[in-house]
Amino acid sequence: MNTLTQHDWWRRSTVYQVYPKSFKDTTGTGSGDIKGLTSKLDYLKELGIDIVWLQPVYVSPQNDNGYDVADYCRINPDFGTMEDFDELVQELKKRDMHLMIDIVVNHSSTEHEWFKASRSSKDNPYRDYYIWRDPAPDGGVPNNWQSKFGGPAWQYDETIGQYFLTLFDKTQADLNWENEKVREEVIKLLTFWAQKGVKGFRMDVINLISKNQEFPNDDGSIAPGDGRIHYTDGPRVHEYIKELNEKVFTPYNIVTVGEMSSTSLQQCIRYSNPKEKEFSMTFNFHHLKVDYPNNNKWELMPYDFEQLKSLLSDWQIGIQQGGGWNALFFNNHDQPRALSRFLNDDIYWVESAKLLATTLHGLQGTPYVYQGEEIGMPNPKWKDMSEFRDIESTNMYRILQERGKTADEAFAIIKERSRDNSRTPMLWDNSPQAGFTTGTPWIKVDERYPLLNVEKQLTDPDSIFHHYRKLISFRKNIQVFTDGDYQRLDAGHPQIYSYIRSNEKELLIVISNFSGGEASFELPDSLWQSIGHKSIELLIGNTGEEKILRQQITLSPYAAFMWIIR
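One rule links them: number in my numbering = place in the sequence shown (from 1) + 35.
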């Protein structure tokens with residue numbers, strides 16, 4: 036296999052995302068902690084994980100589950116101590132694994148000392164760390180920008196008589212990146228963690244840090260008309276990221292992933308092309324909006340299968356041609372479980388979970404596994420709103436009713452769309468609370484845990500866990516997974532998604548039936564003729580069948596197979 040340089044080792048790695056509050060509790064508080072993660076590193080090593088992405092464990096009021104940071108260089112006592120953190124880094128190192136942490140620097144908590152100083156007076160040195168504006172002539176908000184969590188993106192502060200910008204929760208004040216001192220602070224905090232041995236940064240909504248300094252109203256000419264056209268991929272964003280790369284990412288050989296909100300393919304090529312010296316790779320979310328009618332998350336519709344395939348393909352081809360790099364994912368802490376959202380989490384639960392894995396892990400990029408995905412955790416079965424903890428969900432339940440939905444209609448939407456779908460505790464075994472805690476969990480445990488848990492799957496060679504383990508090992512050991520060109524094969528098939536990856540020596544074919552019915556598919560003549568008498572090996576399948584590759588092939592419901600041809 037071609038040797039990758041020390042700077043691009045992450046191209047054949049797999050990242051595992053940990054939502055610490057729900058991963059493993061060692062203290063009986065009902066909330067997960069850093070020691071809980073450390074105690075499960077052997078499990079992640081067995082899965083084949085190279086990079087563990089730990090979501091925020093900083094000091095925080097927890098209004099947005101830790102993404103409202105009150106101190107960037109201290110550990111929230113709810114998660115443990117800095118000694119626990121240092122131990123985690125060391126234990127990962129012993130296993131030849133690396134730690135990636137969340138960096139949330141578009142905004143800070145209003146509890147941060149910077150913000151407290153900023154709001155104290157107009158002459159305070161920290162005043163310009165945040166974005167303050169006078170009221171509009173009518174005394175109202177400075178412009179019509181909307182918060183991502185609902186309502187105006189401005190909060191009025193009576194002490195000074197000005198508004199401050201909050202693109203997310205009202206307690207998350209946007210930092211002013213135009214201020215050089217803010218950028219110096221960010222470089223300082225990144226360096227602090229890099230010197231502790233952190234090898235990865237996941238940069239939260241990082242493409243929103245540069246705002247149009249005129250702060251104009253959104254005229255609504257481009258949907259959704261909430262102001263995002265004036266702060267997404269803004270005028271100085273690339274300049275700011277290049278500075279971070281020059282001062283921290285490159286000197287410390289850090290792997291970085293930029294979380295991109297409402298971005299474009301061309302921007303992501305620019306963010307992730309090594310020549311630009313910005314990020315290693317980017318997250319984009321277009322493929323996770325294929326069940327949003329008119330881009331509205333809070334309305335329900337069946338997902339658009341053709342759009343899903345087209346978006347995955349467009350980004351595969353576009354990023355490949357532009358020399359960038361994809362971060363591959365179907366799940367994360369902000370999304371409902373893809374298994375429940377796109378496939379069948381009931382009768383064909385195992386096949387569906389394996390299908391998603393097979394389809395994703397054959398693509399070009401660095402795959403991200405979100406905790407519980409590797410055992411096929413579905414959305415929980417919610418009974419009523421009292422079970423939800425997410426601020427976005429509780430806000431939207433109220434807002435949906437204000438917009439005319441009945442309480443039942445609003446609940447039906449929240450149940451499908453809530454971020455809490457992915458935040459329920461990890462299911463470790465069949466003991467009380469699924470082995471997550473000895474106390475009362477902070478959020479409900481999925482009642483299906485006696486049948487669906489890690490312990491059960493570790494001992495079953497045909498489990499979803501072992502399917503993921505094989506796919507992760509292929510990426511390390513088979514070159515075409517890293518460097519193979521992508522080409523879609525299915526040409527609009529209503530049930531099948533099929534593609535090939537090819538380099539000079541190997542050809543990978545992936546065929547997945549996303550439907551609950553039998554599906555037939557024919558490989559193109561030119562491809563079939565090029566295969567000729569070459570060696571065809573079934574790498575992996577999800578039905579237990581030793582499927583032979585033929586030009587005309589029939590797949591059972593939710594079947595997915597991957598062959599390699601040499």
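A virtual CB, placed ideally from N, CA and C, is assigned to each residue, including glycine.
Straight-line Cα distance separating residue j from residue i
i, j, result
"M36", "F318", "Confidence at M36 is low in this model, with a pLDDT of 33, below 50, so the placement of that residue is unreliable and no value is reported for it."
"M135", "V92", "12 Å"
"M238", "V292", "6 Å"
"H502", "A388", "9 Å"
"Q355", "G400", "9 Å"
"A258", "R271", "23 Å"
"R218", "Y275", "8 Å"
"L39", "L79", "Confidence at L39 is low in this model, with a pLDDT of 46, below 50, so its placement is unreliable and the value that follows should be read with caution. Rounded to whole angstroms, L39 to L79 spans 23 Å at the Cα level."
"F596", "T64", "43 Å"
"R109", "M117", "7 Å"
"Q586", "P559", "8 Å"
"S565", "D520", "16 Å"
"L202", "V221", "19 Å"
"Y107", "F227", "10 Å"
"D349", "S299", "11 Å"
"L72", "Y287", "24 Å"
"H602", "R510", "Past the boundaries of the shown model lies residue 602; the chain is included only from 36 to 601, so the question cannot be answered."
"T441", "F423", "18 Å"
"Q207", "E148", "13 Å"
"R168", "S182", "16 Å"
"W333", "G255", "19 Å"
"P170", "E193", "11 Å"
Neighbour flag for residue i against chain D, beta carbons, 8 Å
i, result
"R376", "Among the protein chains of the structure shown there is no chain D, as only one such chain exists."
Minimum C-alpha distance to residue i - residue among the options
i, options, result
"S555", "Y593, R46, K310, L542", "Y593"
"Q514", "A526, K418, F500, S537", "S537"
"Q672", "R504, D106, D163", "Look at the range of the chain in this structure, 36 to 601, and you will see that residue 672 is not part of it."
"S144", "L363, Y165, S375", "Y165"
"D464", "S591, W180, Y484, E553", "Y484"
"S74", "I84, G83, T64, D60", "D60"
"H265", "R376, N178, V283, R601", "N178"
"E294", "E278, F320, P286", "F320"
"Y306", "I289, N331, K324, K277", "K277"
"L607", "T578, S591, W563", "In the structure as shown, the chain begins at 36 and stops at 601. Residue 607 is therefore absent and cannot be evaluated."
"T578", "E81, Y383, Q90", "Y383"
"L378", "Q351, Y338, D419", "Y338"
"I531", "N512, E553, Q522, E539", "E553"
"E386", "G439, F446, G576", "G576"
Contact under 8 Å by Cβ, residue i with residue j
i, j, result
"R46", "T394", "no"
"P415", "N456", "yes"
"D103", "P96", "yes"
"E572", "I535", "no"
"Q406", "Y54", "yes"
"N329", "I244", "no"
"I86", "F114", "no"
"K344", "G232", "no"
"L391", "F364", "no"
"K310", "G358", "yes"
"P402", "R372", "no"
"E126", "L76", "yes"
"T482", "R454", "Looking at the sequence provided, one finds Glu at residue 482 rather than Thr. No; because the gap between Cβ atoms is not below 8 Å, this pair is not in contact."
"W477", "S66", "yes"
Collapsed DSSP secondary structure at residue i in the structure displayed
i, result
"L39", "Bear in mind that a pLDDT of 46 at L39, under 50, signals an unreliable position, so the number given afterwards is only what the model happens to contain. Reduced to three states, the DSSP call for L39 is coil."
"M336", "coil"
"T401", "strand"
"T473", "coil"
"G71", "helix"
"A388", "helix"
"Y78", "helix"
"F516", "helix"
"L543", "strand"
"W44", "helix"
"P480", "Here the sequence assigns Val to residue 480, which means Pro is not the residue at that position. The answer is coil: DSSP assigns V480 none of H, G, I, E or B."
"E313", "coil"
"W360", "coil"
"R454", "helix"
"N538", "coil"
"R601", "coil"
Cβ-Cβ separation, residue j to residue i (assumed contact under 8 Å), whole Å
i, j, result
"V489", "L462", "7 Å"
"F199", "I138", "Their Cβ separation, rounded to whole angstroms, is 21 Å, which puts F199 and I138 out of contact at 8 Å."
"D468", "I410", "In the sequence as displayed, the identity of residue 468 is Gln instead of Asp. In fact, because the Cβ distance is near 16 Å, the residues do not count as touching under 8 Å."
"G262", "D253", "5 Å"
Cβ-heavy atom distance, residue i to the ligand NAD, below 7 Å
i, result
"W212", "Looking for the ligand NAD in the displayed structure turns up nothing, as the structure carries no ligands at all."
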